[in-house]
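The structure under discussion appears below in the form of structure tokens.
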Amino acid sequence: MARTPSTFDRLTRLESELERAEDYTAWRQAAAELDELTDAAAWRDSDEPDVYDARLLKAETDELIRRRDAGDALGLVDAVASTLQRHLGDLAAPELYAVSLCGTQHTVHRWHDAVEQALLWLLEAPVPDIDDRQKLDRFEQAARLHGRSALVLSGGATWGFHHLGVVRCLFENGLLPDIFSGASTGAMIAAGVCTRTDAELADMFEDTDQIRLDGLLPVGLRRAARNRAWLDPAQLEAVLKNNVGVYTFAEAHARSGRLLNISVAPMRSRQKPRLLSQLTSPDVLVHSAALASSALPGLFPPAVLQARTRDGSTAPYLPSERWADGSLYADLPKLRLARLYNVNHFIFSQTNPHALPVAQLTARRGVLPTVAGVASAAARAQGGFAVDMLDRITRRRTGPVRMATERMRALVGQAYRGDIDIHPRFRLELIGKMAVNPSRADLDTFIQEGRRATWPLLPRIEDQTRIERVLQRCVRTLRARLGIAGKQL
């Protein structure tokens, strides 16, 4: 007589299926079965009183549906504005996505459905005393008040190829933000994405052989000593031109519609780091920005940025300045992105070796992650105090000592967490692959692990970017209807 599988056996099987899933469909199926087995599916049918007011949310959902069904356009405008202002914050609480693998509670999903349907109905329905031009003004204002999302790709040397898997996963599921920021390897990946159209991006993921992987070429000892750098920048530049193309930031935006931002760090004291973009440096060549952002001291020499001139030739941009690895000062530049694009929702893909292990541990629940989080915060506080003391000593100095102090301050002071954090599984065997060219097999593994790291977060990303995406869709539709083109969202 065959033995009936125990609950433990089923749990083990489903967890193994999650680990071995080759695509999101297979992962989602195993996740749904696991939710049923652990009663997480039943939790989705309940309400979470300690996180949000479910009764009020249900009442506002019913109100949106009632006004839409009654054709009450003006009343629906007021109802949408009121419910968005009330619920924008609490429905993004991480606790709402910590129980079920397949998403949060159905009460929250029904509210999102009602808001989306209301906005799309208002887009097409006649509203008394409001024409399409006024509709556009109102939708644009709503989009500004709601804010925007950005995908921020950290540094991480060869580990940064995990970002390709994160991008692929979001792209395949229609969740790729328009705003990108990258530093070091993250800058290379962001540049390759933001210089491609959607069709070209899909083609790249279908045929990754078009991506060159031989950017790290050691130089001889004599040259390394002379340049204080172990790797050849000309080799990396050639690889970047292949992978990114030769476009300015403005040209990249015109091609893809995406908003690319690359962090670069100064090589002299009292110079500020830059966030290069089509707004701040439209004529700078993207591949030169990615090269500068990847110039980690000791591995690559600092770089001079290159720009396209009015006659179409290439010339140095700020020729007296040299720039280096952007992750030294602005690995995840939240404040500048907020100021430039009204970003208030950050999706971080984190692969930096000094941040990844701690980020993975503290993202979990339980006693050990809590202790690790407290220890990490204490270490940062002590590090900040030590850097402040060193800053007082070196404030009047110039040269390497002052530069080192400024870099230490920047590293200690950086925020390494966003609203949603994606990080691949940290494995000790990756240490040996951190600063070497990946093989084709390595690239496939990095991409697949990046996708796997993103799958559990897709329901949360979809929910927390849903209203933004609907508002942008409405704005674009109205602009096209009115013949308005080229205006920045």
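Numbering-wise (my numbering), the sequence shown opens with residue 1329 and increments by one. We put the beta carbon where it would ideally sit given N, CA and C, even for glycine. What you are looking at is a predicted structure, and each value in this text was computed from that prediction instead of being measured.
Review point. Can you pull the DSSP bridge partners for residue 1634?
Key: 1644
Check your understanding: Taking DSSP as the reference, what is the three-state secondary structure of residue 1546?
Key -> strand
**Study point:** Uninterrupted alpha helix (DSSP H) stretches inside the segment 1387–1424 (no shorter than 4 residues)
**Key:** 1401–1415
Review point. Would DSSP call residue 1452 helix, strand or coil?
Key: helix
Point to revise | Residues near residue 1829 by beta carbon distance below 6 angstroms, same chain, minus five either side | key: For residue 1829 there is no data in the structure shown, the boundaries of the chain being 1329 and 1817.
Exercise for review: Indicate whether the contact test is met: 3 or more Cβ pairs, each with one atom in the segment 1801–1814 and one in the segment 1511–1524, closer than 8 angstroms.
Suggested key: no
Practice item. Could you name each continuous beta strand (DSSP E) segment of 3 residues or more that falls completely within the segment 1743–1771, going from the start of the chain to the end? Key: 1748–1750
Review point. For the 8 angstroms Cβ check, are there 3 or more pairs between the segment 1521–1538 and the segment 1552–1565?
Key: no
Point to revise | Opening and closing residue of the beta strand (DSSP E) in which residue 1356 lies | key: From DSSP, residue 1356 is part of no beta strand (DSSP E) but of the alpha helix (DSSP H) over 1352–1365.
Practice item. Classify residue 1590 as helix, strand or coil using the three-state DSSP reduction. Key: strand
Exercise for review: Could you check how far apart the C-beta atoms of residue 1507 and residue 1669 are, in whole angstroms? I think they sit under 8 angstroms.
Suggested key: 5 angstroms
Review point. Is the number of C-beta pairs between the segment 1435–1450 and the segment 1636–1653 that are closer than 8 angstroms three or more?
Key: no
Check your understanding: For residue 1553, is the classification buried or exposed, using 16 other Cβ atoms within 10 angstroms of its Cβ as the cut-off for buried?
Key -> exposed
Exercise for review: Classify residue 1671 as helix, strand or coil using the three-state DSSP reduction.
Suggested key: strand
Review point. Residue 1463 to residue 1791, Cα distance in whole Å?
Key: 25 angstroms
Check your understanding: Cβ of residue 1679 within 8 angstroms of Cβ of residue 1543?
Key -> no
Point to revise | Separation of residue 1556 from residue 1759, as counted between CA atoms | key: 23 angstroms
Exercise for review: Could you round the C-beta distance between residue 1597 and residue 1654 to whole angstroms and report it? I think they count as a contact, below 8 angstroms.
Suggested key: Not really, about 17 angstroms apart at Cβ, beyond 8 angstroms.
**Study point:** Residues that residue 1651 bridges to, as DSSP identifies them
**Key:** 1594, 1631
Review point. Roughly how many whole angstroms lie between the Cα atoms of residue 1607 and residue 1631?
Key: 21 angstroms
Review point. Are the segment 1750–1757 and the segment 1386–1393 touching by the rule of at least three beta carbon pairs closer than 8 angstroms?
Key: no
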